[in-house]
Amino acid sequence: VSDIAIDPRNPAVFYVGLGTGGVFKTNNNGVTFDPIFDKQPVLSIGAVAIAPSDSDVVWVGTGEANDRNSSEWGDGVYRSTDGGGTWTNVGLKDSRAIARIAVHPTKPEIAYVAAMGNLWKDGGERGLYKTTDAGKTWKLILHAAPPSDARTGCGDLALDPSNPEIVYAALYARQRTPWSFAYGVIATNGQDVGGVFKSSDGGATWKKCGGGLPNLTGRIGLAASPGKPKL
């Protein structure tokens, strides 16, 4: 299981994304599940997100973001407006692996996508992307500086529950070969480009977080507390 998304209107309805098995949906609190993604060309899932303001809008990022040598890959982001009944590929087809999707709390057409990129080679679509038009267009709003951007993706993201303009994101470099695995500064020739970043203007500008965090980091998970957003 790579991700779970719970309907904010009805917690008995939730979606489960599998690293190699597509997306399943339950309407009865997990008593039964229906496969709802099997007609799509890929079944490797990295992220699932429900729009808080309209739970019929579901976003799926294909390609699991784990570092296993058997990890499968995807072909971008999919969006449904009927609770997973039908799907449309809305881009980022060269992202290969998507770690997280976050949807704006009141605008279901605005979403952030953390793309890890190809596990096995340089390049492709990596970093944090944002769409304001339901995936018609995408903007790369956070990435590592060249040449490290060729191996550095965005491993997680979180929105401040009290202010969706405040965005947290984590950059993470990695690359596998048939005989090795490199991550962090090893994958970027000593350049420390990973870490936690914060934006207070919806991704227009960013500042790297410090003040207690280690300088050299690997894969990072993020979450913002609903009760105390400063945590």
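To convert, note that position 78 of the sequence shown is 301 in our numbering; the numbers rise steadily by one, no gaps. Cβ coordinates follow ideal geometry from the N, Cα and C atoms, glycine included.
Handout entry: C-alpha distance - Val-375 paired with Lys-431, whole-angstrom precision
Key = As a working note, residue 375 is residue 152 in the sequence shown. As a working note, residue 431 is residue 208 in the sequence shown. The sequence given here places Thr at residue 375; Val does not occur at that position. In a straight line, the C-alpha of Thr-375 is about 15 Å away from that of Lys-431.
Handout entry: Start-end ranges of the beta strand (DSSP E) lying completely within the stretch 262–292, minimum 3 residues
Key = Residue ranges of uninterrupted beta strand (DSSP E) with 3 or more members, entirely inside the stretch 262–292 and ordered along the chain, are 268–273 and 281–285.
Exercise for the section: May I ask you to report which of helix, strand or coil DSSP gives Val-336? Expected result: Mapped onto the sequence shown, residue 336 falls at position 113. Reduced to three states, the DSSP call for Val-336 is strand.
Handout entry: Cβ neighbours of Pro-455 in the same chain (closer than 6 Å, five flanking residues each side left out)
Key = Because the chain spans 224 through 454 in this model, residue 455 falls outside it and cannot be assessed.
Handout entry: Local conformation of Ile-409 per DSSP, three classes
Key = Against the sequence shown, residue 409 aligns to sequence position 186. Ile-409: helix per DSSP, three-state reduction.
Exercise for the section: Please determine if the stretch 301–313 and the stretch 363–373 are in contact, where contact requires at least 3 C-beta pairs separated by less than 8 Å. Expected result: no
Practice task
Indicate the three-state DSSP secondary structure (helix, strand or coil) for Ala-494 in the structure shown.
Solution key: Only positions 224 to 454 of the chain appear in the structure, and residue 494 is not among them; the question remains open.
Practice task
Report the rounded CA-to-CA distance for Ala-405 versus Arg-232, giving the unit in angstroms.
Solution key: The residue you call residue 405 lines up with position 182 of the sequence shown. The residue you call residue 232 lines up with position 9 of the sequence shown. So the alpha carbons of these two residues sit roughly 42 Å apart.
Practice task
Quickly, what does DSSP pair Gly-245 with across the bridge? List them, please.
Solution key: For the purposes of this step, residue 245 is identified with residue 22 of the sequence shown, where counting begins at 1. BP columns for Gly-245 point to Leu-241.
Exercise for the section: Look up Gly-350 in the DSSP assignment and say whether it is helix, strand or coil. Expected result: Taking the first residue of the sequence shown as 1, we reach residue 350 at position 127. In this structure, Gly-350 counts as strand in the three-state DSSP scheme.
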